[in-house]
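Asks: Everything in the sequence shown is counted per our numbering, starting at 2 for the first residue and increasing by one.
Here a beta-carbon is modelled for each residue, glycine too, at the ideal position from N, C-alpha and C.
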Amino acid sequence: MNSKYVDAHCHMEDKAFNKNRDEIIERSKKQNVEIITSGASLGGCLRALDLKDKYNIYITLGYHPSKVRADDKVVNKVYNIIKANKNKILGVGEIGMDIKDENYERQEKIFKKFLSLAEEINKPIVVHARGFEKKIFEITKNRVDVMFHCYGGDVDLAKEIGKEGHLISISTLVCFSEHHKELVKRLDLEFLTTETDSPYLSPIRGVKNEPANVKLVVKEIAKIKEEEEEEVKKTIYKNTCKFFGTRI
Ligand SMILES: [Zn+2]
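1) Taking three-plus beta-carbon pairs below 8 Å as touching, is the segment 26-36 in contact with the segment 51-61?
2) In chain order, what are the residue ranges of uninterrupted alpha helix (DSSP H) at least 4 long that sit wholly in the segment 159-247?
3) If V185 and K226 are in contact, beta carbons under 8 Å, what's the gap, nearest whole angstrom?
4) CB G44 to CB G63, shorter than 8 Å?
5) Check whether the segment 71-81 touches the segment 229-243, taking contact to mean three or more Cβ pairs, one atom from each stretch, closer than 8 Å.
6) For A49, is the beta carbon positioned less than 7 Å from some heavy atom of ligand 1?
7) Can you tell me the Cβ-Cβ gap for N240 and L193, rounded? I've got them flagged as a contact below 8 Å.
8) Between which two residues does the beta strand (DSSP E) harbouring G40 extend?
9) Who pairs with V79 in a beta bridge, going by DSSP?
10) Just to confirm the assignment, what range does the beta strand (DSSP E) spanning L52 have?
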């Protein structure tokens, strides 16, 4: 199996890329990086769908917990878009909960709505679970497969998550965060995938993040694990294809 680098979570639909999206996607393709972009708002989901066809990239569609203030009409529109496009997506997400946002009760309600949809259309989910890693792990138990995007929780919980067959996604933060390095050190490679969360979480100060930087994540994992980069790349690719139930 020919392996590729995988950016399992980024936002190519973000308006931050309006000026140079062509160039950035071309650069990632040249470097053998497969992109999975995650719609996270009503506009973002519509743009992600356009990009999928235009650039032949993979997408997931969801609704970000930070959008908790929007009214039900917007949430329902996103819900219906996901349902109508279930054959075009790898999974449901970015969905989840964030401790730094308000109204946890409503965040949970919205999260559970999309979780039920994922079950109904038989897709895994991509979650943003800052501060709610344990809660999300418990809510989703025995329901769907979960990729914890940019996981920042503790190591013991991450081990439990991995043993359940879920994925811990290591982002470009690993280039400078001791906590993320520690996670990589103590977790089986089989539990991991890689992402950039572009345009966020740049490993290079003052420069927007982009999917090609996922190579830096693989490099850092290889260094920490004292493995060949090629081996890490292969395993991450295999883990990610298995998780989404398709070869990407
Ligand atoms: Zn994201």
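Replies: So, from the data block:
1) For the pair of segments examined, the segment 26-36 was found to touch the segment 51-61: the number of CB pairs separated by less than 8 Å reaches three.
2) The segment 159-247 contains these whole alpha helix (DSSP H) runs: 179-187, 215-226, 230-245.
3) Sure, about 7 Å apart at Cβ, within 8 Å.
4) In this structure, G44 sits away from G63, with a CB-CB distance that is not shorter than 8 Å.
5) Judged by pairs of C-beta atoms under 8 Å, the segment 71-81 does not touch the segment 229-243, as fewer than three such pairs exist.
6) No - ligand 1 has no heavy atom lying nearer than 7 Å to the Cβ of A49.
7) Contact holds; Cβ gap of about 6 Å.
8) 34-40 is the span of the beta strand (DSSP E), which, as asked, contains G40.
9) Bridge partners of V79 according to DSSP: none are assigned.
10) DSSP places L52 in no beta strand (DSSP E) but in the uninterrupted alpha helix (DSSP H) bounded by 43-56.
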